[in-house]
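See structure below.
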Amino acid sequence: MSAEPVSEPLRVAVRRLCDFAARAGDLDHRFTPAPSAFEGIAGHASVAARRPAHYQRERTLSGLCEGLLLQGRADGYDPQARRLDETKTHRGDPTLITPNRQALHWAQAQVYGWLLCEAENLDAIELALVYYDIDSGHETVLTRQGTRESLRAFTQDLCARYRDWARQEAEHRRARDAALAATPFPFDGYRAGQRELTEAVFRSQRAGRHLLAQAPTGIGKTVATLFGALRAMPVLGSEQLLVLTPKTTGRAIALDGLRRLNARPLRVLERLAREKACEHPDKACHGESCPLAQGFYDRLGAAREQAARVAWLDREALRDVALAHRICPYYLAQEMQRWADVVVGDVNHWFDLNAQAWSLAQAEGWRVQLLLDEAHNLAERARRMYSAELDPQRFGAWRAQAPRALKATMDAVHRAWGALALDEPDTPALDDALPAAFIATLGRHVATLTDFMARHPQAAVGLQPWLFEAVHFLRVAERFGTHSVVERSPGPPTRRGKPRPQLALRCLLPAELLAPRWAGAHAATLFSATLAPMAHAQRLLGLPEPVARIEVASPFDPAQWSVRVARGLSTRWADRVRTLPRLVDELGAHYRAQPGNHLAFFSSFDYLTQAMEAFRAAHPDVAVWSQSRSMDEAAREAFIARFVEGGQGMGFAVLGGVFGEGIDLPGSRLVGVSIATLGLPPPDALSEALRERLQATGSQGWADTYLYPGLHKVVQAAGRLIRTPQDRGTLLLLDERFASPEVRALLPPWWGVR
């Protein structure tokens, strides 16, 4: 009779075990910003460097407990003193570390302590929590004695709480991989180009290569890339697929594609920004203020179990689960980030300085796949993520309301800021070096302010936004280099002396800052209708070699539309007043030739307003509606709702805005598009600084800075017109430069520009 097969023990990281089973009490995010990952690594190194030569840094440990194989690395062990260190970096007064955080830290120390006792055959060990202040370099050390038996009992209790969940998750993973391996393409057949794109995504993801994929708008890129990446998941054994997009519209399209694939039991999570998920925006994130933070960890387990059963966790479903258990939806989403198979959200979840998805993957050693929709927008989004600014007027308001105890530190920042006044108050200045004295003063101020706010949260609650701005500014400053500049621009006038300038750290070339994020992903697929020339995208985004590339031919017949250039018409700023009557005539003739719903794009709101008013005066019988500055979601939906089947009229929008990409208006909802600009960024000081730096590296400075980004916007806007093989329409390009050979060579060849 053959023996029963012995199942492999489930592998669990010590950090994950403790995060899951040792947390209790309130959610507490008071005013104590944690050190960055970079600062944390440096802090751990500083502590280890102070220890004797025989000190064992990052001791790898493992052991079996309750059917689980625990694995991890203790921060340090002194074999002569028989002391194990669990090091945590922090800022400010260590007595302000909340009890629930300290309990979690002790739990990690106790589990590592038991593993070390087993490894070294020790009957007892000293455990030390080492709190290292990254600003002062001071260590606060808390110690406990632990016997081998007491530490074993503690660890067994944690493992018993986690074991059933771990087994459930292992079974879920097996079922997920089996389902994905058998998932069919969700339609009866592939559209032209879809299969080619799907296979390219699958091959590159399987091989661990990054892929740049350009495919025309309307072929179903999202479903094709999702299908290829999901089919690769069981082959790779990857933990998670992140579907990231720079815009909300892209997130909705991705969720719709996942619904169509219907790959149960796939666990899908939609991530929102905190301000969109918060139920009590008037309250702080701790138990003494917000009812959904009070007892959060005591109720988290039941909420987590229900969320795992629900599986489809879009914003509505996740909110329902969270509120049913009286906990915060945003922080429940943070918890489910750990247990989701597919996460759909903004690009900042991986690329931002504080990105949770990135930090989690690094901490857990996960194999993560990335899909990046609308990838042509990533460079600009990255510039914003790795930039920071401070406004003197806003600081002045915060300084005026600050408690008396903070007067000295606020005044010190005020004086240091004044030393940066512009020599010519009306002219911005760009600097290649950080203002070292100001940065040092701001760092000391943040440490003082953090301590005060932790001790007196109600007395300084109004200063929280300033603290976050200052901390972000310092974190961006840590990474300052040749990829960025310091911008000092004119501030508000003062009664005496030179005004304090607005200060900004502007990232120009995000490639260097993005490089670690590409290295941290197993494979990334960046797709868009506008990535050409791909060398341009690779330069700006810092994608490492080798990078796979694919350009999918358009499935649309050139006969589906006509494209015309209005020759002899200039939309350059200096010519706009003179050429406005001609532009209105062209718009009117375009509309009369094919009445229906039209959409016209302009380079700015001012130009849009001038053109719309002139068009309304010349064609009073044609209904018009327009995009406005700072439209909320309801206003955007109302704008799109005007494009009804069989409707007639003209919408006016800004090129590169929310209506220039990511919206579908098939059939007779849109029959004509006009574009009255090349979309070139304005030649301001920042754009010129970018051009010069690109030129210095041997790149095509002017084209990389101005021409390529502008034409990407043009192609995206034109892509609103032809969405299906049945669509018909006309495209009018309202600038003579569209007829030049240089520009025509960059437009899609199937357009057939005449």
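Heads up: the sequence shown begins at 394 in our numbering, then just goes up one per residue.
For each residue, glycine too, the CB sits at the ideal point set by N, CA and C.
The three-state secondary structure of Val1146, taken from DSSP, is coil. For Gly913, same chain residues with a beta-carbon under 7 Å away, outside a window of 5 residues either side, are Trp751, Ala754 and Gln755 in chain order. Judged by DSSP secondary structure, Trp1018 falls within the beta strand (DSSP E) whose first and last residues are Val1017 to Ser1019. Around the beta carbon of Ser996, 16 or more other beta carbons sit within 10 angstroms, so the residue counts as buried. Boundaries for Gln633: no alpha helix (DSSP H) harbours it, while the beta strand (DSSP E) harbouring it runs Gln633 to Thr638, taken from the DSSP string. The C-alpha of Ala1111 lies about 23 Å from the C-alpha of Glu1006. Excluding the 5 residues flanking it on each side, His838 has same chain C-beta neighbours closer than 6 Å at Thr802 and Val806, in chain order.
DSSP lists Ala606 as the beta-bridge partner residues of Phe920. Within the same chain, and ignoring the five residues on either side of Arg792 in sequence, the residues whose Cβ sits closer than 7 Å to its Cβ are Met803 and His807. Residue environment analysis places Gly961 among the exposed positions, since fewer than 16 neighbouring C-beta atoms fall within 10 angstroms of its C-beta. For Gln538, the enclosing beta strand (DSSP E) starts and ends at Glu532 to Thr540.
About 6 Å separates the beta carbons of Ala441 and Gly469, which is inside the 8 Å limit, making them a contact pair. Per DSSP, Arg960 lies in no beta strand (DSSP E) and is assigned neither H nor E.
In the structure shown, Met1043 adopts extended strand secondary structure according to DSSP, grouped into three states.
Here the alpha carbons of Phe949 and Val1017 stand approximately 29 Å from one another. Per DSSP, reduced to three states, the secondary structure at Trp954 is strand.
The beta carbons of Ala930 and Leu924 sit closer together than 7 Å.
When Cβ pairs closer than 8 Å are counted between the two stretches, the region 780-792 is seen not to touch the region 638-650, the count staying below three. If you look at Lys481, you'll find it in the beta strand (DSSP E) that goes Arg476 to His483.
Here Leu860 is near Leu842, since their CB atoms are less than 7 Å apart. Taking the CA atoms as reference points, Val407 sits about 20 Å from Leu535.
Counting only runs of 4+ residues, the alpha helix (DSSP H) found wholly inside the region 504-584 occupies 541-575, in chain order. Ala696 is the residue among Gly874, Val736 and Ala696 whose C-alpha sits nearest the C-alpha of Pro722. Looking only at Val977, Arg1035 and Asp1025, the smallest Cα-Cα distance to Pro1013 is reached by Val977. If you draw a straight line from the Cα of Pro577 to the Cα of Ser1061, it is about 32 Å long.
Between Leu1073 and Phe994 a beta carbon distance of about 14 Å is seen, past the 8 Å cut, so the two are scored as non-contacting. Counting of Cβ neighbours within 10 angstroms places Trp966 among the exposed residues, the total staying below 16.
Remark: three or more beta-carbon pairs, one from each stretch, lie closer than 8 Å, so the region 698-713 and the region 663-679 are flagged as touching. Look at the beta carbons and you see the region 492-504 touching the region 413-423: at least three pairs across the two are nearer than 8 Å. Boundaries of the alpha helix (DSSP H) harbouring Arg776: Leu771 to Met778, taken from the DSSP string. Beta-bridge annotation (DSSP): Gln762 is paired with Leu634 and Ala916. Val737 and Arg624 have their alpha carbons spaced roughly 17 Å apart. By the Cβ criterion, the region 818-833 is in contact with the region 865-885, since at least three pairs of Cβ atoms, one from each stretch, lie closer than 8 Å. If you compare the alpha carbons of Val405, Met778, Pro988 and Asp581 with that of Pro903, the shortest gap goes to Met778.
Taken in chain order, the complete alpha helix (DSSP H) segments of 4 residues or longer contained in the region 820-887 are 829-848 and 857-871.
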